[in-house]
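Student:
Here it is, written out as structure tokens:
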């Protein structure tokens, strides 16, 4: 058994410390169902949490497989060294005051380094964490309440906030939680290490992550790779999109948050589903637990209410699921089951004609939910069990289960309100192989997220290009310098020349040939500053334009005509996630429209093509309403050239931006460029 396997499934545990927290660990371990040995350690107390205590580690009857260290931070380091020396499998380090507190404690980083050195080969969870609950084996090295019950199989969740994890364990939505782990500072054992160990347990079906920051990108890639090998899906709830959340994450866990675009691109690249709320995380994990992941977001929906059918349609469109039109075969089967009075559509309102007729319900759902769908959904909200008995609602559940057996289509119950599927009903559905989805909005977003699973084509061998720490200060290159560098890597740029004053600019324009573009140098946002004038057709026009510009030198360029569309294409250095390549609608409307897509470097031509075609404004590139189409290959060539530049200058590059990239029917031209890089 691996060290982490021994830690997660111990035969004997020790709890070091005698305070309230440690007493809670002892009691929680027994309450969760642990039948192995529990050895509290305290130099003065004869018992802790109702269990006889030992004065020190040397007095223990044997070597513990797992430990909970619940003493102050300095003593934590000493205890970790003793546990490692005696051969303990792993330890939870509960104390705070390490790297997460560097702004308050100047020795936080140093003490964490001492802890890692003291632990040696022994695995350490934390510091600054609650620990873990393993409901498969009844182990709870956890100093607080939790809402988990023993299960034979289920999902694992790893998080960086112990309190968020506590709240997740209290869910009443039927999610079978097998293991919950608080990663804390990840001083020695990362979320990725923990995830791999958990996924390798055959009893764990899927992994959920609550991420505040990724500090070891190669390890995270290794986690995704191992998940793909095992065919087990991962879903992540990542915080850090807002400036406030980023600040909180750095101070709370001492980990890098990075850009939201970079994080989303990373998760997408690694086939890790991403959700935006804790309830979406729970609902997605239920889908993954039952199905292993959906093959598509093409779904069918049945309800006995036109209002519910309309809500499914509207909310499904927002969530990104699709309702394929009914085939002739589906219509024939539905008409036979429902008679002539029901309008046939997807989502389907089957009315109440067949309510209470289990055979007719089964025939209806079976006719609707054909095998090529990603998921079949039946909308039903159970009445309050403190007011009503509802045996007829169980007929719907049985009909859904029979549909799954007959068609082979994954099936779900979907409630309008989250409380519409009480926990006993949800658990019964799971036992029957049905996904109980609580709350229509969460359900539909979870369905869309659950389509992203390992082995669906995005997993790749090439690791993300990591930024390398440089040695100098970064500077913004002049536009002429930036374009010269880009041209050296194969980017098409306009013919140009530099000029030191207005007369020289006119001479340069005459040499290039009219019409031309005149730009003032040394100004980042030229349009706003009045430092760019287009379509100048004479030397006099150039001279007059230069005289009005707030600039001391100029760049004169050929005027690029025949524009099909303008794009922005750029690269930013994201210390947490690598180099982020972003494409989107360009020109002066970039920030207003905010239609962009991001991938991480290295990206394939197929990745870049998919990003381009995923833009809302993609039709502008492909010939909108009879207009000419842009040369997409030339746009992709430009992106590949930027990637080559990044690979050659990963130790110096901070930012590249081409805006606009003028896309034409025959090529793509970098009309304006910015590069920030070390010398």
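Residue numbers (this note's numbering): 3 to 681. Each residue gets a CB set at the ideal place from its N, CA and C atoms; glycine is no exception.
For residue 576, does the three-state DSSP call read helix, strand or coil?
Tutor: Within the chain shown, numbered from 1, the residue matching residue 576 stands at position 574. Three-state DSSP puts residue 576 in a strand.
Student: What is the C-beta distance between residue 377 and residue 287, in whole angstroms, given that I count them as a contact (C-beta under 8 angstroms)?
Tutor: Working through the chain shown from its first residue, we reach residue 377 at position 375. Working through the chain shown from its first residue, we reach residue 287 at position 285. Between residue 377 and residue 287, the beta carbon gap of about 15 angstroms keeps them out of contact (Cβ cut-off 8 angstroms).
Student: Assuming contact is defined by CB atoms lying nearer than 8 angstroms, are residue 502 and residue 514 in contact in what I supplied?
Tutor: Here residue 502 is taken as the residue at index 500 of the chain shown, counted from 1. Here residue 514 is taken as the residue at index 512 of the chain shown, counted from 1. The answer is no: Cβ separation not under 8 angstroms.
Student: Per DSSP, what are the beta-bridge partners of residue 56 in this structure?
Tutor: Residue numbering aside, residue 56 sits at position 54 when the chain shown is read from its first letter. Answer is 43.
Student: Tell me which residues share the same chain as residue 364 and place their Cβ nearer than 7 angstroms to its Cβ, disregarding the 5 neighbours each side in the sequence.
Tutor: One-based indexing of the chain shown puts residue 364 at position 362. Only 401, 404 and 405 meet the Cβ criterion.
Student: Cβ of residue 178 within 8 angstroms of Cβ of residue 432?
Tutor: As a working mapping, residue 178 is identified with position 176 in the chain shown. As a working mapping, residue 432 is identified with position 430 in the chain shown. Yes, the Cβ-Cβ distance between residue 178 and residue 432 is below 8 angstroms.
Student: Can you give me the C-alpha to C-alpha distance between residue 395 and residue 264, rounded to a whole angstrom?
Tutor: The count along the chain shown starts at 1 and reaches residue 395 at position 393. The count along the chain shown starts at 1 and reaches residue 264 at position 262. Answer to the nearest angstrom: the Cα atoms are 46 angstroms apart.
Student: By Cβ distance below 6 angstroms, which residues in the same chain neighbour residue 311 in space, the five residues on each side in sequence not counted?
Tutor: Within the chain shown, the letter at position 309 stands for residue 311. So the list reads 305, 349 and 351, once near-sequence residues are dropped.
Student: Beta-carbon separation of residue 530 and residue 556 under 8 angstroms?
Tutor: Your numbering for residue 530 matches position 528 in the chain shown. Your numbering for residue 556 matches position 554 in the chain shown. Using a Cβ distance threshold of 8 angstroms, residue 530 and residue 556 do not count as a contacting pair.
Student: I'd like to check one pair, residue 18 with residue 53: are the Cβ atoms closer than 8 angstroms?
Tutor: The residue labelled residue 53 in the question sits at position 51 within the chain shown. The residue labelled residue 18 in the question sits at position 16 within the chain shown. No, these two residues do not count as a Cβ contact at 8 angstroms.
Student: Going by DSSP, which residues form a beta bridge with residue 581?
Tutor: One-based indexing of the chain shown puts residue 581 at position 579. In DSSP, residue 581 forms a bridge with 575.
Student: Using only the alpha-carbon positions, how far apart do residue 569 and residue 216 sit?
Tutor: For the purposes of this step, residue 569 is taken as the residue at position 567 of the chain shown. For the purposes of this step, residue 216 is taken as the residue at position 214 of the chain shown. In a straight line, the C-alpha of residue 569 is about 30 angstroms away from that of residue 216.
Student: Can you check DSSP and say which residues form a bridge with residue 212?
Tutor: Within the chain shown, numbered from 1, the residue matching residue 212 stands at position 210. DSSP lists 161 and 239 as partners of residue 212.
Student: What are the residues that DSSP puts in a beta bridge with residue 737?
Tutor: Outside the modelled stretch of the chain, which goes from 3 to 681, sits residue 737, for which no answer is possible.
Student: Taking Cβ positions, are residue 548 and residue 482 nearer each other than 8 angstroms?
Tutor: In the chain shown, residue 548 corresponds to position 546, counting from 1. In the chain shown, residue 482 corresponds to position 480, counting from 1. The Cβ atoms of residue 548 and residue 482 lie no closer than 8 angstroms to each other.
Student: Looking at the secondary structure, which residues open and close the alpha helix (DSSP H) in which residue 102 lies?
Tutor: The residue given as residue 102 occupies position 100 in the chain shown. Looking at the DSSP string, residue 102 is not in any alpha helix (DSSP H), and its letter there is neither H nor E.
Student: Determine the DSSP secondary structure at residue 250, reduced to helix, strand or coil.
Tutor: Translated into positions along the chain shown, residue 250 becomes position 248. Reliability fails at residue 250, whose pLDDT of 40 lies under 50, so the model's placement of it is uncertain and no value is given.
Student: Specify, as a first and last residue, the run of the beta strand (DSSP E) that residue 134 falls within.
Tutor: Residue mapping note: residue 134 aligns to position 132 of the chain shown, counting from 1. Looking at the DSSP string, the run of the beta strand (DSSP E) that includes residue 134 is 134-136.
Student: Is there a C-beta anywhere in chain C that falls below 8 angstroms from the one on residue 4?
Tutor: Protein chain content of the structure displayed is limited to a single chain, and chain C is not contained in it.
Student: Just the C-alpha distance for residue 251 and residue 181, rounded to the nearest angstrom, thanks.
Tutor: Translated into positions along the chain shown, residue 251 becomes position 249. Translated into positions along the chain shown, residue 181 becomes position 179. In this prediction, residue 251 has a pLDDT of 36, which is less than 50 and means its spatial position is unreliable; what the coordinates show is noted afterwards. Approximately 24 angstroms between the Cα atoms of the pair.
Student: Taking C-beta to C-beta, are residue 283 and residue 186 nearer than 8 angstroms?
Tutor: Counting from one through the chain shown, the residue named residue 283 turns up at place 281. Counting from one through the chain shown, the residue named residue 186 turns up at place 184. No, these two residues do not count as a Cβ contact at 8 angstroms.
Student: Identify the continuous beta strand (DSSP E) that holds residue 514 and give its terminal residues.
Tutor: For the purposes of this step, residue 514 is taken as residue 512 along the chain shown, with counting starting at 1. Element bounds for residue 514: not the beta strand (DSSP E) but the alpha helix (DSSP H), 504-514.
Student: In whole angstroms, what is the alpha-carbon distance linking residue 553 and residue 476?
Tutor: Position 551 of the chain shown, counting from 1, holds the residue named residue 553. Position 474 of the chain shown, counting from 1, holds the residue named residue 476. Taking the Cα positions, residue 553 is about 23 angstroms away from residue 476.
Student: Could you have a look at residue 156 and say whether DSSP puts it in helix, strand or coil?
Tutor: In the chain shown, the residue the question calls residue 156 occupies position 154. DSSP places residue 156 in strand when its eight states are reduced to three.
Student: Using alpha carbons as the reference points, say which of 391, 637, 162 and 40 lies closest to residue 424.
Tutor: For this step, residue 424 is matched to residue 422 along the chain shown. Comparing Cα positions, the closest option is 391.
Student: Which residue or residues does DSSP assign as beta-bridge partners of residue 587?
Tutor: Within the chain shown, numbered from 1, the residue matching residue 587 stands at position 585. Bridge partners of residue 587: 569.
Student: Let me know the secondary structure DSSP gives residue 373 once reduced to three states.
Tutor: For the purposes of this step, residue 373 is taken as the residue at position 371 of the chain shown. Coil at residue 373, not helix or strand.
Student: According to DSSP, which residues form a beta bridge with residue 95?
Tutor: Position 93 of the chain shown holds residue 95. BP columns for residue 95 point to 71.
Student: For my contact list, residue 755 and residue 92 are in at a C-beta cut-off of 8 angstroms; report their separation, rounded to the angstrom.
Tutor: The requested residue 755 does not occur in the structure, where the chain is confined to residues 3 to 681.
Student: Rounded C-beta distance between residue 302 and residue 370? I'm assuming under 8 angstroms.
Tutor: On the chain shown, position 300 is the one that residue 302 refers to. On the chain shown, position 368 is the one that residue 370 refers to. Right, their Cβ atoms sit about 5 angstroms apart.
Student: Identify, in the order they occur along the chain, each residue of the same chain with its Cβ nearer than 8 angstroms to the Cβ of residue 478, setting aside the five sequence neighbours on each side.
Tutor: Numbered from its first residue, the chain shown carries residue 478 at position 476. Same-chain partners within the cutoff: 526, 676, 677 and 678.
Student: To the nearest angstrom, report how far apart residue 563 and residue 585 are at their CA atoms.
Tutor: Numbered from 1 along the chain shown, position 561 holds the residue referred to as residue 563. Numbered from 1 along the chain shown, position 583 holds the residue referred to as residue 585. A straight line joining the alpha-carbon of residue 563 with that of residue 585 spans about 21 angstroms.
Student: Relative to the C-alpha of residue 41, which residue among 35, 47 and 66 is closest?
Tutor: Taking the chain shown and counting its residues from 1, the one referred to as residue 41 is at position 39. Ranking 35, 47 and 66 by Cα distance to residue 41 puts 66 first.
Student: For the structure I just gave you, are there three or more beta carbon pairs, one from the region 151-158 and one from the region 116-129, closer than 8 angstroms?
Tutor: no
Student: By a C-beta neighbour count over all protein chains shown, 10 Å radius and 16 as the cutoff for buried, is residue 248 buried or exposed?
Tutor: For this step, residue 248 is matched to residue 246 along the chain shown. Annotation note: pLDDT 43 at residue 248 (below 50); position unreliable, coordinate value reported separately. The residue in question, residue 248, is buried, as its Cβ has 16 or more Cβ neighbours within 10 Å.
Student: Tell me which same chain residues have a C-beta within less than 6 angstroms of the C-beta of residue 11, skipping the five on either side of it?
Tutor: Here residue 11 corresponds to residue number 9 of the chain shown, with the count starting at 1. Correct list, in chain order: 139.
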